[in-house]
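Reviewing the structure listed below.
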Amino acid sequence: MRIDQIMTRDVVTCGPEDTVLEVAMAMKHHDCGIVPVVDDESMVGVLTDRDIICRVIAAGDDPAEVRVREAMTPDVINIHYQAKFNAAQKLMERHRVRRLLVTGDSGRLVGVLSLTDLARAITRSKLGEVVQELSRR
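If you want our numbering, it's the 1-based position in the sequence shown plus 13.
In structure tokens:
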């Protein structure tokens, strides 16, 4: 099975100069926990709900004042949309992430692949193995 068969295509993005509060509100509205950060159509990072909690809220900063570039995770882990399911699983396990950004032929963002997307596509026993591997510290 290829990634483009199970990925989420409608992805909310933000810019590095947006405020963390604006992105948090977008996350709530679109029911997502990750927002790719795009600058001139290039992916420069991701902002996750965990980034907001750990880097802004726990630090006592005001999310309305903090810019995304200050709180985002700059290391973008991505996979090509034609990659196979197993390649995505191994990449998630290796980097211990629950979401991958999916790129097209030009390297631009075309979707997000989440653990939830994988869960919908695999058996329960296989899902248990994937979750166990991702949760290992």
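No residue lacks a Cβ here, since even glycine has one placed at the ideal position from N, Cα and C.
Fair warning: this is a prediction, and the values are worked out from it, not measured in the lab.
Beta-carbon proximity of residue i to residue j, cut-off 9 Å
i	j	result
Arg15	Ala132	no
Met56	Leu114	yes
Phe98	Ile135	yes
Pro49	Val110	no
Arg80	Pro29	yes
Gly124	Asp17	yes
Pick from the options that is closest to residue i, judged by C-alpha positions
i	options	result
Cys27	Glu78, Arg82, Ile92 and Asp17	Arg82
Gly58	Ala101, Ile92, Thr86 and Ser119	Thr86
Cys45	Met105, Tyr94, Val33 and Val25	Val25
Ala77	Ser148, Gly124 and Leu34	Leu34
Close-in-space but distant-in-sequence residues of the same chain around residue i (CB under 7 Å, 5 per side omitted)
i	result
Arg68	Ala84
Arg121	Glu54
Environment of residue i [buried if 16+ CB atoms lie within 10 Å]
i	result
Met197	This structure does not reach residue 197, given that the chain is present from 14 up to 150, and the question cannot be answered.
Thr116	buried
Ile66	exposed
Gly73	exposed
Thr61	buried
Gln102	buried
Asp130	buried
Arg63	exposed
Close beta carbons around residue i, own chain, < 8 Å, minus the five adjacent residues each side
i	result
Lys41	none
Ile19	Phe98, Leu126, Asp130, Leu131, Arg133 and Ala134
The ligand GTP heavy atom lying under 8 Å from the CB of residue i
i	result
Leu128	The ligand GTP is not among the ligands present in this structure, which contains no ligands whatsoever.
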